[in-house]
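The block underneath contains the structure these notes are about, expressed in structure tokens.
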Amino acid sequence: MQEIINIFVKSIFIDNMIFAFFLGMCSYLAVSKTVKTSMGLGIAVVFVLLITVPLNYIIDNYLLKEGALAWISPKFATIDLSYLSFIIFIAVIAAMVQLVEMFVEKTSPVLYAQLGIFLPLIAVNCAILGASLFMQERQYNNLGEVTGFALGSGIGWLLAIVGIAAIREKLRYSQIPAPLKGLGITFIITGLMAIAFMSFLGIKL
Amino acid sequence: MAGFNFKLIKNPLSKENPITVQVLGICSALAVTAKLQPAFVMALSVTVVVAFSNLIISYLRNTIPPRIRIIVQLVIVSLLVILVDQVLKAFVYDVSKQLSVFVGLIITNCIVMGRLEAFAMSNKPLDSFLDGIGNGLGYAVILITIGVVRELFGSGSLWGYQIIPDSFYEMGYQNNSLMIMPPMALILVGIIIWVHRARNKELCEK
Numbered sequence: 004m005q006e007i008i009n010i011f012v013k014s015i016f017i018d019n020m021i022f023a024f025f026l027g028m029c030s031y032l033a034v035s036k037t038v039k040t041s042m043g044l045g046i047a048v049v050f051v052l053l054i055t056v057p058l059n060y061i062i063d064n065y066l067l068k069e070g071a072l073a074w075i076s077p078k079f080a081t082i083d084l085s086y087l088s089f090i091i092f093i094a095v096i097a098a099m100v101q102l103v104e105m106f107v108e109k110t111s112p113v114l115y116a117q118l119g120i121f122l123p124l125i126a127v128n129c130a131i132l133g134a135s136l137f138m139q140e141r142q143y144n145n146l147g148e149v150t151g152f153a154l155g156s157g158i159g160w161l162l163a164i165v166g167i168a169a170i171r172e173k174l175r176y177s178q179i180p181a182p183l184k185g186l187g188i189t190f191i192i193t194g195l196m197a198i199a200f201m202s203f204l205g206i207k208l
Numbered sequence: 002m003a004g005f006n007f008k009l010i011k012n013p014l015s016k017e018n019p020i021t022v023q024v025l026g027i028c029s030a031l032a033v034t035a036k037l038q039p040a041f042v043m044a045l046s047v048t049v050v051v052a053f054s055n056l057i058i059s060y061l062r063n064t065i066p067p068r069i070r071i072i073v074q075l076v077i078v079s080l081l082v083i084l085v086d087q088v089l090k091a092f093v094y095d096v097s098k099q100l101s102v103f104v105g106l107i108i109t110n111c112i113v114m115g116r117l118e119a120f121a122m123s124n125k126p127l128d129s130f131l132d133g134i135g136n137g138l139g140y141a142v143i144l145i146t147i148g149v150v151r152e153l154f155g156s157g158s159l160w161g162y163q164i165i166p167d168s169f170y171e172m173g174y175q176n177n178s179l180m181i182m183p184p185m186a187l188i189l190v191g192i193i194i195w196v197h198r199a200r201n202k203e204l205c206e207k
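Same order as they appear, the protein sequences are chains A and B.
Residue numbering for the first sequence follows my numbering, starting at 4 and increasing by one per position.
Residue numbering for the second sequence follows my numbering, starting at 2 and increasing by one per position.
Quick look at the structure:
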């Protein structure tokens, strides 16, 4: 249990998706104009991460890894399908996003109205595929740790996008040199926020 | 068809640069630029993937049903990325280890999807191929600039060879280790955008 909490906290603050790995930058820059919409996108990302990363973990462990097919028959124990992982992961993500979209539309129209426009965007958000690939690379021990990692990285991403959106709302009233307006200043502020987040680096979990 | 259209290669280098103007493909641009070599390999891989996926999609553009085009595009792109990944693993294993997940992330690189949607779906194969190469090069220019700055000031070397002489270090010169850290990449991109827009006033945001 302690291990799961460690991974959870670590993936929020130390291995933050945006500040440490720059994943999901595209939608981070495009949708961070107001706090409200960025909150919507952030929640959608947490949601999709929580579903796709554990699912991809199961697929990786029981189908793709070297020797993973041994549960069918010992004959398959030497097969290594991990070169297929990119295409399988992205297919799972695209399919799950579609499913989640349909499910949310049927069960909760209010939530759908809020998340609706963002859900299709998420299929091509690097943070989602990136989380699955990190999960594969870091070799977590069990499903609990993977879920903790997924939830943590989702919340880390949410924190980052809501933070920058709040700053950008205030920036509208500041005087910024014309060439730096919009994109330029957003990059520099993200850099400063990343420096702030680096202060968590010293924490050993 | 009027042969090669060089504008398609020239425009993305500056006026329509995928990173600084279209804001596509930032994710991978920043994470791989702490050293010059991985930045170069990454830029090359992205150029190959964009060019060939543009070419293939452009050939198929009239047969893909519009409703499922994203899935078709994703499948073709991930096929190309798997090929690139296997080639990198076979020939430059060290670099492939350094790039880690970022090769796989070319699949969701917005440059690839963005150019497919915006250009390849509505243009002829040769033009799309050139557009892909142009955008890949535009991406490469930024990546290599950042890579050079970060490696030179962060580690005092270029492509792994020491550039800053030992006598400098004896006089008390220190490498700026902040340069190798992630935040500096963001700030450098911000500065590049600043310089680029200051020189092309029409790109400034209101």
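Virtual Cβ for every residue (Gly too), placed ideally from N, Cα, C.
Being a predicted model, the structure only gives us computed values, none of them experimental.
(Q) Residues of chain A with CB closer than 7 Å to the CB of isoleucine 83 of chain B, please, in chain order. (A) The residue labelled residue 83 of chain B in the question sits at position 82 within the second sequence. Under the 7 Å cutoff, chain A gives Tyr86, Phe89 and Ile90.
Q. Glycine 161 of chain B: buried (16+ other C-beta within 10 angstroms of its C-beta) or exposed?
A. Indexing the second sequence from 1 puts residue 161 of chain B at position 160. Answer is exposed; the Cβ neighbour count stays below 16.
Q: Might you give, ordered along the chain, the residues of its own chain that have their beta carbon closer than 7 Å to the beta carbon of valine 113 of chain B, omitting 5 neighbours on each side?
A: In the second sequence, the residue the question calls residue 113 of chain B occupies position 112. Val50, Val51, Ser54, Val78 and Ile107, listed in sequence order.
Q | CA-to-CA distance, isoleucine 165 of chain B to glutamine 175 of chain B, given in whole angstroms | A | Taking the first residue of the second sequence as 1, we reach residue 175 of chain B at position 174. Taking the first residue of the second sequence as 1, we reach residue 165 of chain B at position 164. For glutamine 175 of chain B and isoleucine 165 of chain B, the distance between alpha carbons rounds to 10 Å.
Q: Below 9 Å between beta carbons is the criterion; list the residues of the stretch 136 to 151 of chain A that meet it against any residue of chain B, in chain order.
A: Leu136, Phe137, Gln139 and Glu140
Q. So with Cβ pairs under 9 Å, would you call threonine 21 of chain B a contact of chain A?
A. Taking the second sequence and counting its residues from 1, one reaches residue 21 of chain B at position 20. It does; some Cβ of chain A falls within 9 Å.
Q: Please indicate yes or no: does the CB of methionine 28 of chain A lie closer than 8 Å to some heavy atom of the ligand ATP?
A: This structure lacks the ligand ATP; in fact it carries no ligand of any kind.
Q | Member of A/Gly27, A/Asn59 and A/Met201 whose CA lies at the smallest distance from the CA of glutamine 142 of chain A | A | Taking the first sequence and counting its residues from 1, the one referred to as residue 142 of chain A is at position 139. Of the candidates A/Gly27, A/Asn59 and A/Met201, the one whose C-alpha sits nearest the C-alpha of glutamine 142 of chain A is A/Asn59.
Q | Enclosing alpha helix (DSSP H) for glycine 103 of chain A [first to last residue] | A | Counting from one through the first sequence, the residue named residue 103 of chain A turns up at place 100. Residue identity check: residue 103 of chain A is valine in the sequence provided, not glycine. First-last of the alpha helix (DSSP H) with valine 103 of chain A: 88 to 110.
Q: Could you please give the first and the last residue of the uninterrupted alpha helix (DSSP H) stretch that includes aspartate 86 of chain B?
A: Walking along the second sequence from the start, residue 86 of chain B turns up at place 85. First-last of the alpha helix (DSSP H) with aspartate 86 of chain B: 70 to 92.
Q.
Quick check on this structure: which residue in B/Gly137, B/Leu37 and B/Lys125 has the alpha carbon closest to the alpha carbon of leucine 61 of chain B?
A. To locate residue 61 of chain B, count along the second sequence from 1; it is residue 60. The shortest Cα separation from leucine 61 of chain B among B/Gly137, B/Leu37 and B/Lys125 belongs to B/Lys125.
Q. How many angstroms separate the CA atom of isoleucine 191 of chain A from the CA atom of valine 150 of chain B?
A. In the first sequence, counting from the first residue as 1, residue 191 of chain A sits at position 188. In the second sequence, counting from the first residue as 1, residue 150 of chain B sits at position 149. Their Cα atoms are separated by approximately 17 Å.
**Q.** Local Cβ density within 10 Å of glutamate 69 of chain A, reported as buried at 16 or more and exposed below that
**A.** Residue mapping note: residue 69 of chain A aligns to position 66 of the first sequence, counting from 1. Glutamate 69 of chain A is exposed by the Cβ-count criterion.
(Q) Give me the chain B residues within the contact set of proline 57 of chain A, using Cβ-Cβ distance strictly less than 9 Å, ordered along the chain. (A) Taking the first sequence and counting its residues from 1, the one referred to as residue 57 of chain A is at position 54. Within chain B, no residue comes near proline 57 of chain A; the closest Cβ sits about 18 Å away, beyond 9 Å.
Q: Go ahead and label glutamate 140 of chain A buried or exposed: buried means 16 or more other beta carbons lie within 10 angstroms of its beta carbon, across all protein chains shown.
A: In the first sequence, counting from the first residue as 1, residue 140 of chain A sits at position 137. Under this definition glutamate 140 of chain A is an exposed residue.
Q. DSSP three-state call for tyrosine 140 of chain B: helix, strand or coil?
A. Position 139 of the second sequence, counting from 1, holds the residue named residue 140 of chain B. Reduced to three states, the DSSP call for tyrosine 140 of chain B is helix.
Q) Which residue's Cα is closest to the Cα of leucine 132 of chain A: A/Lys36, A/Lys207, A/Phe92 and A/Ser85? A) Along the first sequence, read from residue 1 onward, the residue named residue 132 of chain A stands at position 129. When only C-alpha atoms are compared, the closest one is A/Phe92.
Q: Could you tell me if valine 88 of chain B is buried or exposed, where buried requires 16 or more neighbouring beta carbons within 10 angstroms of its beta carbon?
A: Along the second sequence, read from residue 1 onward, the residue named residue 88 of chain B stands at position 87. Under this definition valine 88 of chain B is an exposed residue.
(Q) Determine, for phenylalanine 217 of chain A, whether the minimum Cβ-Cβ distance to residues of chain B falls below 9 Å. (A) The structure shown does not extend to residue 217 of chain A, since chain A is modelled only from 4 through 208, so no value can be given for it.
Q: Would you kindly report the start and end of the unbroken alpha helix (DSSP H) that includes lysine 173 of chain A?
A: One-based indexing of the first sequence puts residue 173 of chain A at position 170. Here the alpha helix (DSSP H) through lysine 173 of chain A covers 146 to 174.
Q: Taking only the alpha-carbon atoms, compute the straight-line gap between threonine 193 of chain A and leucine 72 of chain A and give it to the nearest angstrom.
A: Here residue 193 of chain A is taken as the residue at index 190 of the first sequence, counted from 1. Here residue 72 of chain A is taken as the residue at index 69 of the first sequence, counted from 1. Taking the straight line from one Cα to the other gives about 44 Å.
Q: From the DSSP output, in three-state form, read off serine 46 of chain B for me.
A: Locating residue 46 of chain B in the second sequence gives position 45, counting from the first residue. Helix.
(Q) For a minimum of 4 consecutive residues, which ranges assigned as the alpha helix (DSSP H) are wholly contained in the stretch 26 to 70 of chain A? (A) 28 to 33 and 38 to 62
Q) Using the C-alpha atoms, what's the distance from valine 33 of chain B back to isoleucine 143 of chain B? A) Here residue 143 of chain B refers to the residue found at position 142 when the second sequence is read from its first residue. Here residue 33 of chain B refers to the residue found at position 32 when the second sequence is read from its first residue. Rounded to the nearest angstrom, the two C-alpha atoms are 12 Å apart.
Q) Going by other Cβ atoms of all chains shown within 10 Å of its Cβ, with 16 needed for buried, is aspartate 95 of chain B buried or exposed? A) One-based indexing of the second sequence puts residue 95 of chain B at position 94. Under this definition aspartate 95 of chain B is an exposed residue.
Q | DSSP three-state assignment for isoleucine 10 of chain B, whether helix, strand or coil | A | Taking the second sequence and counting its residues from 1, the one referred to as residue 10 of chain B is at position 9. Isoleucine 10 of chain B: helix per DSSP, three-state reduction.
Q: Measure the CB-CB distance between glycine 148 of chain B and serine 178 of chain B and report whether it falls below 9 Å.
A: Residue numbering aside, residue 148 of chain B sits at position 147 when the second sequence is read from its first letter. Residue numbering aside, residue 178 of chain B sits at position 177 when the second sequence is read from its first letter. The answer is no: Cβ separation not under 9 Å.
Q. At what residues does the alpha helix (DSSP H) containing threonine 193 of chain A begin and finish?
A. Position 190 of the first sequence, counting from 1, holds the residue named residue 193 of chain A. Segment 186 to 201, the alpha helix (DSSP H) holding threonine 193 of chain A.
Q. Near leucine 161 of chain A, what residues of its chain come up, given a Cβ to Cβ distance below 8 Å and the 5 sequence neighbours on each side ignored?
A. For this step, residue 161 of chain A is matched to residue 158 along the first sequence. Within the same chain, leucine 161 of chain A has close Cβ partners Met42, Gly45, Ile46, Val48 and Val49.
Q) For serine 97 of chain B, which of helix, strand or coil comes out of DSSP? A) The count along the second sequence starts at 1 and reaches residue 97 of chain B at position 96. Three-state result, serine 97 of chain B: helix.
Q: Determine which residues of the stretch 162 to 191 of chain A have a Cβ less than 9 Å from any Cβ of chain B, and write them out in chain order.
A: Pro180, Ala181, Pro182, Leu183, Lys184, Gly185, Leu186, Gly187, Ile188, Thr189, Phe190 and Ile191
Q. Looking at C-beta atoms only, is the number of pairs between the stretch 158 to 178 of chain A and the stretch 178 to 197 of chain B that lie closer than 8 Å three or more?
A. no
(Q) Residues of chain A with CB closer than 7 Å to the CB of alanine 199 of chain B, please, in chain order. (A) Here residue 199 of chain B corresponds to residue number 198 of the second sequence, with the count starting at 1. Residues of chain A passing the Cβ test: Pro182.
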